[in-house]
Amino acid sequence: MPSESAIAASLQGFIGIQERYQLSTTPAQTNARQAAKLRAIPLPYLTSLLKTHIKDYASVVTYIREALIAMAVEAMHCSNTWDQPQQRAANTAMLKQHFTYQIYLGGASTQVKKDILSIPFEEFLGVCVRELSVGTFNTPMGYLAQAELASDFEVQVASKESFPGLTSATQKMLVMLNRGWPNAGNVVRTERLTGIIQQFVKLAMNAVDLLNLYQSTNPANQQRRQEIWREGKMKMLWAWKLMLNHPFSDMSPLLRMILSETNIAENIEYLCHHVIPQLIRAGIDCKHLHYVVYLDIFSAAIETKPEYTPQDVEFLGEVVVHHFSKPVDLPAAEHQVPQYYRPEGTHDQITAAVEGTLRLQGIHGDQEAVIDIPVEPSGPLIDPLQMGRVVTEVDDDESCAICQIGFKESAEAIVKLHVCGHILHQEFLEGLINRAYMGSDKVMCPNCRARICAARDYKAVLEA
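Heads up: the sequence shown at position 448 corresponds to 448 in the UniProt record's numbering, and the numbers run straight through without jumps.
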């Protein structure tokens, strides 16, 4: 486990912010910039957050780092007004609402969302403003450029092999093992080959999950379907890149090298626009696709090639049979085919990630969209008697602006607000000032909109 100091040092520049954004400075700012870059910023709550999820590389890179960078960038936009208390409070409330929406509606796991939302938002925002105030942020670069389709897609489609990308990588691994490690033990050879097959199995399952998400979307909403295809293929590409760059993976350098040389964009196109459509045209139901595609991958993994020696063929067959759950041949009756079959070691990496991204895009694309996020207030309760004084004499026709009940008709205590003199029932005033207000830094009088007090902090309520 990395030490606390090592993790704290990794937060320098706020989780690689220089990798994501171009910072421009004037000559006079250069020395200050360099000094700031060299200073590590120990933030215990971020250290704790990263320690908790340090082995979950995908979540750290895709969700935690992205959330912290986005927060830092938003902080920079309001740095000029940070010294103005009222404006700072209003900006903080607005940014926290935006941040809560981003995390709550995103594709991270519930635990990751809870842990990100638990950091002291205002404190971190203040650190961002103070430490990143040197330089200006230019237009951010996309986290992953759209991959151009390779001409190899046509080559794969024309191939006689079921999965040319898989068989090519397997062949390359066998050749390299025979040439470079002729005396390598079976354990090493097995690890290398199973690693290649396992990654292609995961890739194929991701393609099926994407197709199922696409098919479950209303056919009349073609724009939504196209967005799912586009975003889903990007998520598949991103998952492959995360696998190759995972710092805690036990994957060997040789295996990484061979997988990195695979034109993964072309393989994704081949799976999504050739293999799976062919199966659907052949009458395979969507709920059986996981099983059928895995069966095809299994068969492709043990396909022989002219370049293989008899020993290669025998060894490859043994590896596949002994290290993968071999599916039986397709039953004659459709009802006997397993539904939504999930090979061991795979899980759905696509559905939640795509849906989370599209939810966020929907909010940004439609400013009128309102999504109700459950929140609850946090921190100490506010005493209503600090906001006013109890009175007993009121006009006969006066009523509470909150409950609309006349003061003479109720035995509830009555409080006259210090700020504006309006009168409210104490019970309802207590509820008013202790509610959670997303996007607002203050509680206002329901009669005249005068500021009664600062709004309480809040947190999103996430299911277990």
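Cβ atoms here follow ideal geometry from the backbone N, Cα and C, with glycine treated the same way. Predicted model, so just to flag it, every value in this text is computed and none were measured.
- In the structure shown, the three-state DSSP call for Cys-286 is helix.
- Contact between the segment 105-115 and the segment 51-64 is present, with at least three C-beta pairs closer than 8 Å.
- Taking a C-beta distance under 7 Å as the contact criterion, Gln-215 and Cys-286 qualify as a contact pair.
- Under the three-state reduction of DSSP, Met-387 is assigned to coil, being neither helix nor strand.
- Counting only residues of its own chain and dropping the five nearest sequence neighbours on each side, His-288 has a CB closer than 6 Å to the CB of Val-337.
- DSSP assignment within the segment 168-229 yields no whole beta strand (DSSP E) run of 3 residues or more.
- Boundaries around Met-76 are those of the alpha helix (DSSP H), 65-77, since no beta strand (DSSP E) includes it.
- Thr-170 and Ala-301 do touch by the CB rule: their CB atoms are close to 7 Å apart, below 8 Å.
- As the crow flies, the alpha-carbon of Leu-255 is around 20 Å from that of Met-205.
- By the neighbour-count criterion, in which 16 or more other beta carbons inside 10 Å mark a residue as buried, Cys-445 falls on the buried side.
- If you draw a straight line from the Cα of Trp-240 to the Cα of Leu-68, it is about 23 Å long.
- Residues of the same chain with a CB within less than 7 Å of the CB of Glu-122, apart from the 5 flanking positions on each side, are Thr-92 in chain order.
- For Tyr-458, DSSP records a beta bridge to Pro-377.
- For His-53, the enclosing alpha helix (DSSP H) stretches over residues 44-53.
- In this structure, the alpha-carbon of Pro-120 lies about 11 Å from that of Val-127.
- Counting every other CB atom within 10 Å of its CB across the protein chains shown gives Asp-83 a total below 16, marking it as exposed.
- According to DSSP, residue pairing for Met-444 in a beta bridge involves Arg-451.
- Distance from the CA atom of Ala-282 to the CA atom of Val-293, rounded to whole angstroms, is 13 Å.
- In the DSSP assignment, Val-112 is bridged to no other residue.
- Here DSSP, grouped into helix, strand and coil, assigns Val-394 to coil.
- For Ile-414, the pairing in a beta bridge is given by DSSP as Val-391 and His-425.
- For Ile-382 against Arg-451, the beta-carbon gap comes to about 13 Å, at or over 8 Å, which does not count as contact.
- Taking a C-beta distance under 7 Å as the contact criterion, Lys-172 and Val-354 do not qualify as a contact pair.
- Under the three-state reduction of DSSP output, Ala-58 falls in the helix class.
- Annotated three-state conformation of Gly-356 is helix, per DSSP.
- Of the residues assessed, Ile-405 falls on the exposed side of the cut-off, its CB having fewer than 16 other CB atoms within 10 angstroms.
- In this structure, Lys-408 lies away from Val-391, with their beta-carbon atoms at least 7 Å apart.
- Selection Ser-410, Ile-350, Tyr-341 and Tyr-458 evaluated against Leu-237 yields Ile-350 as nearest (Cα-Cα).
- Apart from sequence neighbours up to five positions away, the residues of its chain that approach Thr-346 with a beta-carbon distance below 7 Å are Val-201, Lys-202 and Met-205, ordered along the chain.
- The beta carbons of Phe-315 and Arg-189 sit about 7 Å from each other, so the pair counts as a contact at 8 Å.
- In this structure, DSSP gives Gly-439 a state outside helix and strand, which the three-state scheme calls coil.
- Between Pro-384 and Gln-426, the C-beta gap is smaller than 7 Å, which places the two residues in contact.
- Considering only Phe-428, Met-176, Asp-209 and Ala-207, the residue with the shortest C-alpha distance to Leu-193 is Met-176.
- For Arg-88, the enclosing alpha helix (DSSP H) has its first and last residue at 85-105.
- With a threshold of 16 other beta carbon atoms within 10 Å, Arg-389 falls short and is exposed.
- Separation of Gly-379 and Leu-242 (C-alpha to C-alpha, rounded to the nearest whole angstrom) is 38 Å.
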